[in-house]
Structure formats: C-alpha cells, structure tokens
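Chains H and L, in that order, are what the protein sequence lines are. At position 97 of the first sequence (counting the first as 1) the number is 100 in the numbering used here, and the numbers step up by one without a gap. At position 41 of the second sequence (counting the first as 1) the number is 45 in the numbering used here, and the numbers step up by one without a gap.
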Amino acid sequence: MLDYLLLATLVAGAVLLAQMGSAHRSRERLARGLSALLLVPAAVVAVWPGQAGRPWYWIPNTPPASFAAAPPAGGLVLSLYALLAVTMWRLIARQSAGAWPGLCFILCALVVAALTVDQFLMRYAFLEVIALLTILAMALESPALRAGGGLWRRYLQFRVGDVGLVVVIVVLERLSGTLRIDPMLAALPAGSAAQRGLVLGGGLLAAWVKLGLPPFHGWVADLAHTRPAVRLWLGGLSLPLTAAYLLYRLSPALRAPAAAPWVVLAGTLGLAYSVAQVFRVGREPERGRAAAWWLAIHGALGIALSATPLARAYLLAFVPVRAGAAYLLALRPLEVAPRVVLAVAGSRVPGNGCSLEDGPAGVSTGRPGPGLSATFQPLLAAASAVEELLERGNRWAARAAWSAGQALQDRHRGRLRTNLLWATIGLLALIVVALASNAP
Amino acid sequence: MGATSWLVAAILALPWLGALVLALWPSDTSVGAPERVTRSGAPTSRIAGSQPAGDCAAGWVALGAAAASALALGALLSRGGALDGWTWTLGGVSLALDAVALPFLLTVSGVTVVSIWYGWGYLDHCPRPRLCYALVLAFMGSMVGALLATDVLVFFAFWEAMLVASSLLIAGWGEGPRVGPVALKYFVYTQAGSALVLVGLAWLVDLTGSLTFAGMAAGMGNVAPQAATWIALLLVAGFCVKLAVFPVHTWLPDAHSVAPMPVTIMLAGAMLCIGCYGILRVPVMTMSAAGLGPLQAPLLVGALVTQVYGALMCFTAQDVKRIIAYSSVSQMGYVLYSVATLNALGISGGLLHVVNHGALKAALFMGVGLVMRATGRRRIDELGDLFRAMPAVAMGLSFGAVALAGMPPFGAFASEWLIYEGGLNTPYPLLGYLELAAPLATAAYALWFVGRVVLGPPAPPEREVAATPGAMRWSFYAVLGAALALGFFPGPLHAWAGRASALLLGGG
Numbered sequence: 004m005l006d007y008l009l010l011a012t013l014v015a016g017a018v019l020l021a022q023m024g025s026a027h028r029s030r031e032r033l034a035r036g037l038s039a040l041l042l043v044p045a046a047v048v049a050v051w052p053g054q055a056g057r058p059w060y061w062i063p064n065t066p067p068a069s070f071a072a073a074p075p076a077g078g079l080v081l082s083l084y085a086l087l088a089v090t091m092w093r094l095i096a097r098q099s100a101g102a103w104p105g106l107c108f109i110l111c112a113l114v115v116a117a118l119t120v121d122q123f124l125m126r127y128a129f130l131e132v133i134a135l136l137t138i139l140a141m142a143l144e145s146p147a148l149r150a151g152g153g154l155w156r157r158y159l160q161f162r163v164g165d166v167g168l169v170v171v172i173v174v175l176e177r178l179s180g181t182l183r184i185d186p187m188l189a190a191l192p193a194g195s196a197a198q199r200g201l202v203l204g205g206g207l208l209a210a211w212v213k214l215g216l217p218p219f220h221g222w223v224a225d226l227a228h229t230r231p232a233v234r235l236w237l238g239g240l241s242l243p244l245t246a247a248y249l250l251y252r253l254s255p256a257l258r259a260p261a262a263a264p265w266v267v268l269a270g271t272l273g274l275a276y277s278v279a280q281v282f283r284v285g286r287e288p289e290r291g292r293a294a295a296w297w298l299a300i301h302g303a304l305g306i307a308l309s310a311t312p313l314a315r316a317y318l319l320a321f322v323p324v325r326a327g328a329a330y331l332l333a334l335r336p337l338e339v340a341p342r343v344v345l346a347v348a349g350s351r352v353p354g355n356g357c358s359l360e361d362g363p364a365g366v367s368t369g370r371p372g373p374g375l376s377a378t379f380q381p382l383l384a385a386a387s388a389v390e391e392l393l394e395r396g397n398r399w400a401a402r403a404a405w406s407a408g409q410a411l412q413d414r415h416r417g418r419l420r421t422n423l424l425w426a427t428i429g430l431l432a433l434i435v436v437a438l439a440s441n442a443p
Numbered sequence: 005m006g007a008t009s010w011l012v013a014a015i016l017a018l019p020w021l022g023a024l025v026l027a028l029w030p031s032d033t034s035v036g037a038p039e040r041v042t043r044s045g046a047p048t049s050r051i052a053g054s055q056p057a058g059d060c061a062a063g064w065v066a067l068g069a070a071a072a073s074a075l076a077l078g079a080l081l082s083r084g085g086a087l088d089g090w091t092w093t094l095g096g097v098s099l100a101l102d103a104v105a106l107p108f109l110l111t112v113s114g115v116t117v118v119s120i121w122y123g124w125g126y127l128d129h130c131p132r133p134r135l136c137y138a139l140v141l142a143f144m145g146s147m148v149g150a151l152l153a154t155d156v157l158v159f160f161a162f163w164e165a166m167l168v169a170s171s172l173l174i175a176g177w178g179e180g181p182r183v184g185p186v187a188l189k190y191f192v193y194t195q196a197g198s199a200l201v202l203v204g205l206a207w208l209v210d211l212t213g214s215l216t217f218a219g220m221a222a223g224m225g226n227v228a229p230q231a232a233t234w235i236a237l238l239l240v241a242g243f244c245v246k247l248a249v250f251p252v253h254t255w256l257p258d259a260h261s262v263a264p265m266p267v268t269i270m271l272a273g274a275m276l277c278i279g280c281y282g283i284l285r286v287p288v289m290t291m292s293a294a295g296l297g298p299l300q301a302p303l304l305v306g307a308l309v310t311q312v313y314g315a316l317m318c319f320t321a322q323d324v325k326r327i328i329a330y331s332s333v334s335q336m337g338y339v340l341y342s343v344a345t346l347n348a349l350g351i352s353g354g355l356l357h358v359v360n361h362g363a364l365k366a367a368l369f370m371g372v373g374l375v376m377r378a379t380g381r382r383r384i385d386e387l388g389d390l391f392r393a394m395p396a397v398a399m400g401l402s403f404g405a406v407a408l409a410g411m412p413p414f415g416a417f418a419s420e421w422l423i424y425e426g427g428l429n430t431p432y433p434l435l436g437y438l439e440l441a442a443p444l445a446t447a448a449y450a451l452w453f454v455g456r457v458v459l460g461p462p463a464p465p466e467r468e469v470a471a472t473p474g475a476m477r478w479s480f481y482a483v484l485g486a487a488l489a490l491g492f493f494p495g496p497l498h499a500w501a502g503r504a505s506a507l508l509l510g511g512g
C-alpha cells in the first residue's frame, strides 16, 4: 500500500505542476487541497502494521528494494502527510502559489520514500534527488537566489555530506555483504574500530550537512528569501528529517562508550555556536536568518541526543517541533533578544568561501557573486601552470621536429630525390642480405 | 553464412556504403540560385533558411546509412543468444561481435545517428556538406571496423582510418582561426599513440606467432612475463593517448573546441572510448588481466589524477566547449579507473559508464551548441540566466551536467557505484576510498557550470536569443530521453556488461 501511496503523491505533484499557471485558479487550489486531505487517510492505511512491500528492482547487482513503514517511520509518515494537508489548505487563499504546491507533493513523496525504503543504495538515491529538488525549489521560489548564482555551492555542500553517506554504505556493505539496511546496521558492532569509526564519522558528516549545522548552514539561511511554508519544508523537514532518522538508526552505535563522548561534544559545540549566533543575529531584525540558527540549535541538539536513550523521543517530536517553531518564527519577529555581549560575533569560517551570516554572495546587493572561492584559486593556478608546461613541451617538440625537417631539407637540397633513391636501394639490399643469411 | 553473419557485415558495410555514395554524389550543376527546399512542422524543420535539395538529400542519406547500421545491430540483438558466434568471414577477413565490443558499438551507433540528426541544423551553412557527411560516415565506419576486427591488421587499419577521417573533418570544417595547427596537433598526437600501439602489437604478433586476437591469446604461453609487461605498457600508453589521459590529453580540448559540433559529439561521445576498448581487447583480454598486474597501481593513480586534473581544468577554461572537453578528460579517468580495477564489478561499471557517458556528453555538447547558436556567444563570462531566455535547453543542460556528476535516476549513478565497488575490491583499498571522493570534483565543475550559465545573472550586453533549428533541439531532447531511459532501465545493458567482464577476465 505504501508503494501506491508514494505513486499517488508523485502523480498528484506532477499534475499540479502541469496545472501551474492554469486560468482556473480556484479549481487548482481546490484540487491541491482535496488531494492533500485524501492522502491523509491513505497514509493511515498505508502504514497500518502487517503489510509487506513489493520488491522493486532497479540498480544492477543490488538486492531489490521495498517500502515498509516500521515504527517509528510510520509515525513520521503520518505527520508528514498531515502537515502536507495543512500546508496546502493554508496556501488555498494565495492567488498564485507557483510551482511550490506540486514540488511540495513530490518532496513529501521522496522524503517518505527515503524514510521507508529498506535498501541503503536506494535511500541514497532518494536523498540525492531530494537535495536536487531542494535547490530547484529554492531557485524557483527566489529570483534573488537564482540571480546570485551561488546555489551551485549549496548543492556542492550537500555532496560533501553525501561522501560521508557513501562511506557508510560502502563500509557496512563490506561488513554485512548486503545492501539491506537492517542487516547492515546489525553487522556494525562486529566491525573493527577503524570500520566503526568510518561509519560513525561518515554518518555524522552526512547528518551535520543535512541538518544545516555550521559551517554548512548557508543553505538554510538562503531560505530567508522564501515563503514560510517553503522554509519549513525545505529547511525544516525534508533533508533534516532524513538526517534525524539516520542518526536514530545509528544511535545504538553512537551510544557505544568509545563514540558517545565525541558525539555529545560535537553536538554541544554546534549547539553553543548556534545559540551564540541567535543572540548576535537577534540584534538585527531578520526572521529568516534567525530561523536558520534556531533550526541549527534544534539540529545540534539532535546530534547530542543521538548518543543518548532520548534519540527516539527526539525523532518522534521532530516534525511537530519544527512545524511549531516555523509557525512561531513566521508570526513573531526576533528583533528582541537578550542583549548579551559575546566573544564570538560576526566571525567568518573559512572553507566554504561564504560568510556565515550571508547567503550566496551578492544576493542582497544584487552584484554578481564571485565565481569561485578564494581558497580554491591556488589549486586552479597550479593546474593551469601544469597545463602550460605541457603545452610548452608540445611547442618545443613541434619546433624541434620542424627544425630537423628544415635541416634535412637543407642538407639534401638539390639532391633529395637522388639521395632518397640510394637510401631505398640500400635498405632493400640490407633486407635481401638479412633474408639470405637467415635462410635454412 | 546465416542471417546473423550478414547482419554483422551490414553493421560495418552500411556506413561505408553511405560514405561512398555521398563522396561520389555529383555536385549541383544548376545555373543561378539552387532549388530551395524548406521543411516545416516536422522535427527537422530548418529555421535558419533553406539548403539546396542535393544537400538536404545528402543529410537523409547519411542519417539513413547510420540508422540502418544501428538497426542492423538492433536486429542482431533481438535474435537473442549468448553474444557469441556472431561472425562474418570473407576470404582472410573476419569480423566478430562479442559482448566486449557490444557496449562500444551501441555507443558509436547511437552517438553517430544523433550527431548526424543534429548536424542537419548545425551544418546548414557549412561548405561541402556532402563531403562532410561522407567523412562522418567514414569516421563511424572506422570505429565500427575497429570494434568488429578479429585480427591486428584489420584492427590497426581501421584504427588509422579513424584518425584520418577525424583529422580531415577537423581540418576541413573546423571553426576559428586555429584550425590548421589544432588539426595537425591532433594528428601528430594520435599518430604517436598509434605508433606505440603498432610497436606493441607487432611485438606481440612476433612472440605469439599469430595475427588474430584469439591466436595471440592461445600463444601467450610463449611470452615471458617481463616481455608481457613491456608489451602491455606500450599498448596501454598508446591507447591512453586516444583515451586522453593525463598527461597525454592536451590534444583533446583543442580538437573538441575547434571541430564542428557534430564532429565534437562523435569525438567525445564515441571515439574517446575506443581507447578503452583497445586496452580491454588486447592487454586485458588477449594478454590476460594477470599480465596487467604490475601496471595496476600506476594505472589507478593515473586515473585518479586524470579525474581530478580534468575537473580542475574545467574551472580555468573560458570557452564553454573547452569546459565540456575538459570534463571528458575527467570522465575518461573514471573509465580508466574501472579498467584498472581488473575485476568484474569495476569493468562492468566501466562498460556501463562508456554508454552513459556517451549519451550525457552528447547531450551536453548539443545543449552548448544550441546556446552558441541562439546567443552567438561561447565564452562563459558572456553567458548567464539562460533559465529565463531558453528554459527548456537550460533545464536539459542542467540535468545533463548533474547527471554526469552521478545524480540518480540517470545511468551514471549505477555505473559509478559499480566502479566504486570495483575500486574497493582491488589490492589498494586506499585508492578505492580516494575514488569515493573524486566525484566531488565532478560535481563541483558541473554545478559551477550550471550556476554560471543557467542560474547566474544575465551577462551584458543584453541580446536577443535567436531561434534554433528544430533538428538541433529535437535531437538534444531525444538524447536526454535516452540518457534517462538508460538510468531507469539499466538491466539489459548491465547483463551485457557482466557477460563482457566475464569474457575479459577469463570466465568464459
């Protein structure tokens, strides 16, 4: 049933996208509201216990994937569809919702698929598509973001997190011999310290990026330029929820005595930094950027709690907490914050080429942003120098060959034909002599 | 000889027949203005005016010959079977199609058909279009011949014919002021690579006493291990020139930038991979994978360096064709890496990647060609905000670029995954983990390109975007659709790739 639910959601999203810009706006608004409402009971039926998913074959040399809403994923699925219905009904009053309703349906389906699929490589594929859809939605929702040209860097940051996830998948597959998630995770305790470290490190990196924690929070801050519903789904729910679910699945390993202190420390550091930024940004009334830091606080808390028995509670409360926070942040500007002077203020974190406070460079001023980060320039200069060296070698070889040819021509001027004739006769003679001497 | 034998012969003969017909085609002798023919409504409608009837017909002949060859291949595959025993023999010449050649043949056929279709719109103002189409078919026929050859003489003859046809295409129809020097550089480079291949093959023939690949494989027992290593080194070095691996890649960006777009598509989408085929056919299959053992680590490292270097150079180029050309260098690093894993997973992934790369690279160059035709610009700092001006082409370019970075559901995702798996199963797992990070470089330049060209601010001065020929647009969409289909339905291709890797590694 879950497969049909996902297909129905995707089809509804595609139909809404196709109807985008239609003259019958009231009909379109009603359709989106009703579709979202009807999907809620369908979701209840789909996650009802006792249902087996059908196998889907796609990637060669991998086991088939199926979708099953085992707890707590079932609860997450229901809350997502409930929130979808609320979002669509709140959008009914808007005259023009653009592509967002259709994208929201598709995003919901992809997130549910990522949470419920039982094969890790397929989950990774869904996460990739969600990341791409996030960037696409940001580009469509905000012409300023599109014009700034920095969205490609945000997607690249997502790919950095994906490297961590790929490491997790690869190591667990080598440990367990399968790509099915449950046996993979069950095999983790039997791995060596290095393997467990790779898995936990990769998983934390993936979760850190998807939760929008510093220095990878820029994409959430960019959402300041979008509507609250978009900010909630993109920055609050889609990738962050999948990250929280990943942390929950890894939490038995994260709670190990060797790992737990480090995980809690990382979460606490992220939490402290985010809190400091909330106080700093709170002095300048800007809802969107403050929202990014509030979400980062919640995300960092999740990192810290993943190494404790509270991981499940955190996950179950994820959707309601984020939805509530988004609602409150949309209502009440954060221009009033405790005036606490902190040592950390307006600092720049090197590495991703962007200021922690700004979105893509040039978005607010309208200037075209720089094409590349300044830290990347020396590497490019080195590569260009190597290429120039190779080209110089080519030119030297070409000049040498040309000079040799000219010298040969000068030496044989007027006698070239005769000399060639004698050379050919000599070569033939050598061949005859060689054949004759080798004859039996 | 049965039907399968004649189909094998038809796959090779039809492009050459088409080339011959076009080369001998009498030129228009009418006095005054040639008869104008316009097409409207169909996907091949020409926006940029009209052409003489003879040139239009030549385009149809070229497409027909290439498509007929592709259909012959399709007919052969539809007969089923174990991809063995599909041979054609006449006198001393024998052709054979096996699982190893099949992915390359699919790529060559498909890329050539869409290139010619694209060329209907792109080449509408070029001089001597009939001769151009004839050489394109000769280029295709040479690649097909090299893939179907069963002995070194036929293989090398078609290998050289490939070089001659492509050089003539670049020299005769290249764009820009540097056509002559670039064509010469391309010729000299690839000829140098051919020389290394020739020496290696001659040495191998001498030691094994046979001219056929099967005979050489049987005679490998007479070859000392040290000699085998030297021969393998010569052959790999020679084939790597064609594959455009660092540091013998410098011919590629120039040749791709200067060549007319349909030829660039064939160079990037089809011809580059023939170098990979050469490595698989001779050092891996004929000499056995064990013979490449001493070279495995250097090849893996070289492949990794090529991937990253090619990606870095994308950022330094200003010409959009050159940027995509450097991405080809990077992608060939993936292919070389897959071959160097010397295991079934890696090689299967590499063979899948050959086909996926062919489709995606063709799509990228087609999209770039559409942009160049519509805007009249080719420098990246003169382009921007194409999403507003040409939304369909911009979306297609974006999908092509991110697909190249391994984005599901496109086929490159599955092929790259198999390459990673293969890399981790080598005696050098550290290199395998480094390979996991290499796609970041691909993603970086792909996303940077999309960000600058599709999403960035419009570059002044503002110019009108001109209409583009339907043939260029529809062939672009068709290739994107094929790339998507390869992603959703990788099963058949993967089955053939698995069969090929079994053959290559001696599984029978």
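Built from N, CA and C at the ideal position, the CB exists for glycine as well. Keep in mind the model is a prediction, meaning the values are calculated, not measured.
Proximal chain H residues relative to residue i, where beta-carbon distance stays under 9 Å
i: V186 (chain L); result: None at all; the shortest Cβ gap to chain H is about 11 Å.
Closest residue to residue i among the options (Cα-Cα distance)
i: L459 (chain L); options: H:A147, H:T12 and H:L40; result: H:A147
i: A140 (chain H); options: H:G302, H:R183 and H:W222; result: H:W222
i: S119 (chain L); options: L:L80, L:N226 and L:V267; result: L:V267
i: R456 (chain L); options: L:V104, L:S402, L:P496 and L:A489; result: L:S402
i: A105 (chain L); options: L:R285, L:W10 and L:A23; result: L:R285
9 Å Cβ cut-off: residues of chain L touching residue i
i: R402 (chain H); result: Under the 9 Å cutoff, chain L gives no residues; its nearest Cβ is about 12 Å from R402 (chain H).
Backbone CA spacing between residue i and residue j [nearest angstrom]
i: V339 (chain L); j: G84 (chain L); result: 28 Å
i: C107 (chain H); j: A294 (chain H); result: 20 Å
i: T8 (chain L); j: A100 (chain L); result: 10 Å
i: L374 (chain L); j: M144 (chain L); result: 23 Å
i: A39 (chain H); j: Y60 (chain H); result: 29 Å
i: A470 (chain L); j: M275 (chain L); result: 32 Å
i: L433 (chain H); j: R416 (chain H); result: 26 Å
i: L201 (chain H); j: G215 (chain H); result: 21 Å
i: A69 (chain L); j: L21 (chain L); result: 8 Å
i: A346 (chain H); j: G273 (chain H); result: Caution applies to A346 (chain H), whose pLDDT of 28 falls short of 50 and renders its modelled position unreliable; the model cannot decide the point.
i: L83 (chain H); j: L10 (chain H); result: 16 Å
i: L13 (chain H); j: A227 (chain H); result: 27 Å
Contact list for residue i against chain H, beta-carbon separation under 7 Å
i: V406 (chain L); result: L135
i: K365 (chain L); result: Residues of chain H passing the Cβ test: none, with the nearest at roughly 20 Å.
i: P264 (chain L); result: Result: empty, since nearest Cβ-Cβ is about 23 Å, beyond 7 Å.
i: F417 (chain L); result: A128
Proximal chain L residues relative to residue i, where beta-carbon distance stays under 7 Å
i: I184 (chain H); result: Simply none; closest approach about 16 Å.
Near the ligand SAM: residue i beta-carbon under 8 Å from a heavy atom
i: V14 (chain H); result: What this structure holds is no ligand at all, so the ligand SAM is not there to describe.
Cross-chain neighbours of residue i in chain L, by beta carbon under 8 Å
i: V169 (chain H); result: Y424 and L440
Contact list for residue i against chain H, beta-carbon separation under 8 Å
i: G254 (chain L); result: Reading off the sequence shown, one finds Thr at residue 254 (chain L), where the question assumed Gly. Simply E390, L393, E394 and N397.
*asked:* Please identify, using Cβ separations under 8 Å, the residues of the region 469-496 of chain L that lie next to chain H, in order along the chain.
replied: Taking 8 Å as the upper bound on Cβ-Cβ separation, chain H lies near residues F492, P494 and G495 of the region 469-496 of chain L.
*the region 331-349 of chain L in contact with the region 428-441 of chain L per 3-pair CB rule at 8 Å*: yes
*Would you check if there are 3 or more beta carbon pairs closer than 8 Å linking the region 159-168 of chain L to the region 287-302 of chain L?*
no
*Within the chosen definition, does the region 220-235 of chain L reach the region 255-273 of chain L through at least 3 CB pairs nearer than 8 Å?*
no
*Report yes or no: do three or more beta-carbon pairs, one from the region 18-33 of chain L and one from the region 60-76 of chain L, lie closer than 8 Å?*
yes
*Does the region 207-220 of chain L come within contact of the region 244-263 of chain L, defined as at least 3 CB pairs closer than 8 Å?*
no
*Which of the residues in the region 313-329 of chain L, read from start to end, lie with their CB under 8 Å from any CB of chain H?*
Y313, L316, M317, F319 and T320
*Which of the residues in the region 118-144 of chain L, read from start to end, lie with their CB under 8 Å from any CB of chain B?*
Chain labels in this structure do not include chain B; the protein chains are H and L.
*Validate contact between the region 442-451 of chain L and the region 400-409 of chain L using beta carbons, cut 8 Å, 3 pairs*: yes
*asked:* Any contact between the region 387-405 of chain L and the region 475-490 of chain L? By contact I mean 3 or more CB pairs, one from each, below 8 Å.
replied: yes
_chain L contacts made by the region 289-309 of chain H, where a contact means CB separation under 7 Å_ = none
_Short of 7 Å Cβ to Cβ, which residues in the region 385-413 of chain H face chain L?_
A386, S387, E390, L393, E394 and N397
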